[in-house]
Structures are given as structure tokens and as C-alpha cells.
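Report on one structure; see the data block that follows.
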Amino acid sequence: MPELPEVETVAKGLAGAISGKVIEHVTVNRRDLRRAIPDGLEKRLTGKRVKEIKRRGKYIIIEIRGENTVILHLGMSGRIRIYAPDESYEPVKHDHVILSMRDGSKIVFNDPRRFGMLYISESKDWQKDLPFSQMGPEPLDNWSARDLFQKLSQKKVPIKNALLDQGIVAGLGNIYVCEALFEARIDPRRLSSSLSLEECDSIIKAVKSVLERAIKAGGSTLKDYRHVDGSLGYFQNSLSVYDREGQDCANKQCGDKIRRITQSSRSSFYCPSCQNAHNN
DNA sequence: ATGATGTCCTGGGCGC
DNA sequence: TGCGCCCAGGACATCA
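Numbering-wise (the working numbering), the first sequence opens with residue 77 and increments by one.
Below is the structure:
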């Protein structure tokens, strides 16, 4: 379940491996992912040079010289594996796309659950395309409490759901929303429109803090996620509430236990004592 | 228009 | 050991 820190880690790994390099051959084994891999992808990318790799929300943006931008989303279970020129590539189940670079390295996109996407932007400027045209701010860039407060003031959904909405802020998923709300000491059930400007500021600080620490740790490996070299992230060891139902609250003086509830048929984890639901 | 619910998909974990 | 069941969840479709 890659969220911003995991996607950032993969994007950085990809950038180091293929920026400036030429794609010599493209193999697509299976096209029917969440969004079909477009026919013609092979032709359009063969012989092209990779310009730059970026990240926007949970998407990896691969800019190509002389072609529109390649958009990659890892879905839930997607992985990118990079094989150095001297490494031998042994195909495994669910290897859907293989980019063979001119220097002999290979980039493999594997996705068992097929929730991922790999396509080419329709417009010259990918940012004008959906979903980017509708996407909220990058939480680590210029995300302001004023902006969040303004957006939440019209929302009648719990704050947990609002933060998962990519139009409010980009890149957050279930894990980091739970963690950030714990750190901001805000109950996930609080109505979005009930939050004060100060509370929005707390949320922003908590989100930034948890994302920055997770990126430093190389992301969280719960099930599927791996770095591009196959190694693991280790931020899962630093999670305070996510998947810790029944365990002691991380605040030592608290003494309460982490609770799991369901919101919009998704699990939320929180500490009933530290995350107080006054003002609902 | 907004929010709630259902759908896609596979592997892993669980109970019996 | 093996079978069936349920769960994980990001984005999007569909419904009220």
C-alpha cells in the first residue's frame, strides 16, 4: 500500500537508475490493469530517452524526451524492480512491463493485484490532465493551514476521510492519515468542518513530520512494498497506531489502548484518550 | 452537488 | 494439510 513516502522512495530509486538513459526495448506481458496499459506504449517509448522522474501525490511521473509523459501508479501491490546490467533477470509471476535500457539494465513493473496504472499522458503538459488538474497541494511543499481550513469548512465527512481525499491534499493513504491524526491528537471521527484553524495547523505539522520521518526510513513495508533493489523500508517499526489494535498507546503516561474502528468501510486506528472527540 | 457504497484483484492469514 | 472465507485498500463508478 504505497503512499507518499513509499512512492517517493521508488521515484528516487528510479531516477537514479534511468534518468538520461535510453529505452531500447519495451515488453508488456499483460495490459488489463486497473487502467489498461495503452496499445502502442511499446512503440511510443522504444528508442526514447528518459528526461526526468518526478512524483506528484502517489503517482510517479516519467518525463520522456520527444514524447508525452509516462504516468505510473503502484496501486496497492505494485513494485518496481531494477536490475543492473550485470544482474540476470528471472521473470516472476505478475511482471507486467519490462523496460530494457540501452545500457543493459532492466526496469520491471510487477503488480499482483493489478490495481496499478501505467499510461502516457494525453496532453503535452501532464499537469493539465486528470487526476493532476484536480489534485490538492503536496503536503511537503506549500501546504497552508488556511488552505486546509478553507477546504474542510465545506466538508461534512469525518476528518479521516477528508485527508484521504486526494483533492484536499495529495499523497496520503490510510497509514499516514492514522499516524498524523494521532500525532495531532485529533479524533478521526471529528467532522471536517468542525476543525479550527489551529487544529488544521496541527494536522499539517503532524503530516509533514510523519512523512519526513517515513521518507528517511525508506517507507513502511507492511506486505507488498519494496525498494527498487528489493530491500525493505523500516518505518513500520515506528508506527504509533496503524495496525496496533489493542496495544498500549505510544504515549507512556497515557495507559490506554489503541482502538480500531471502521470509517467508510476502511479501518481507522486511534487512541481514545489522546485523540479526544470534543466538539463533534 | 455531495456523500455513501460497491467494484476491481490476489495473496496471506485464519478457523476448522 | 487443505479448504473456504475474509481482509487489505486507491481510485473510480454508481447510487441516493
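Built from N, CA and C at the ideal position, the CB exists for glycine as well. Since we're looking at a predicted model, the values are computed, not measured.
Short Cβ contact (9 Å threshold) for Val126 with Val98: yes
Candidates Asn186, Leu298 and Arg336: closest to Cys254 by CA position: Arg336
Integer-rounded CB distance, given that Pro78 should sit under 8 Å from Ala290: With a Cβ gap of about 11 Å, Ala290 and Pro78 do not count as contacting.
One or two residues paired with His149 in a DSSP bridge: Tyr135 and Met193
Buried or exposed by the 16-neighbour rule on C-beta atoms within 10 Å, applied to Gln351: buried
Unbroken beta strand (DSSP E) run spanning Phe345, endpoints: Arg342 to Tyr346
Closest residue to Glu321 among His170, Tyr346, Gln230 and Ser307 (Cα-Cα distance): Tyr346
Distance CB(Leu148)-CB(Tyr135) smaller than 9 Å: yes
Length at least 4, wholly inside the segment 201 to 265: the alpha helix (DSSP H) runs in chain order: 221 to 228, 235 to 240 and 250 to 260
Rounded separation between Glu163 and Asp187 - CA only: 21 Å
Assigned exposure category for Thr145 - 16 Cβ within 10 Å defines buried: buried
Cβ-Cβ distance between Leu194 and His172 below 9 Å: yes
Contact between the segment 218 to 227 and the segment 260 to 279 (3+ Cβ pairs under 8 Å): yes
Helix, strand or coil at Val168 according to DSSP, with G and I counted as helix: coil
Asp217 classed as buried or exposed, judged by whether at least 16 other C-beta atoms fall within 10 angstroms: exposed
Cβ neighbours of Lys284 in the same chain (closer than 7 Å, five flanking residues each side left out): Pro215 and Leu216
Cβ-based burial, Cys325 [other Cβ within 10 Å; buried from 16]: buried
Endpoints, the beta strand (DSSP E) within which Arg336 is located: Arg335 to Gln339
Per-residue burial, Glu198 [other beta carbons within 10 Å of its own, 16 or more giving buried]: exposed
Tyr310 versus Leu257: straight-line alpha-carbon distance, rounded: 21 Å
Backbone secondary structure at Ile174 - three-state DSSP: strand
Beta carbon of Ile183 nearer than 9 Å to that of Ile174: yes
Contact belief for Gly133 with Ala246 at Cβ below 8 Å, rounded distance in angstroms: 3 Å
DSSP state of Ile113 mapped onto helix, strand, coil: coil
Gly331 vs Ser349 beta-carbon contact at 9 Å: yes
Span separating the alpha-carbon of Ser181 from that of Ala93: 8 Å
Which residues DSSP lists as bridging His303, in chain order: In DSSP, His303 forms no bridge with anything.
For Pro234 and Arg261, believed in contact at Cβ under 8 Å, the rounded distance: About 16 Å; that fails the 8 Å criterion.
Exposure label - Leu308; buried when at least 16 CB within 10 Å: exposed
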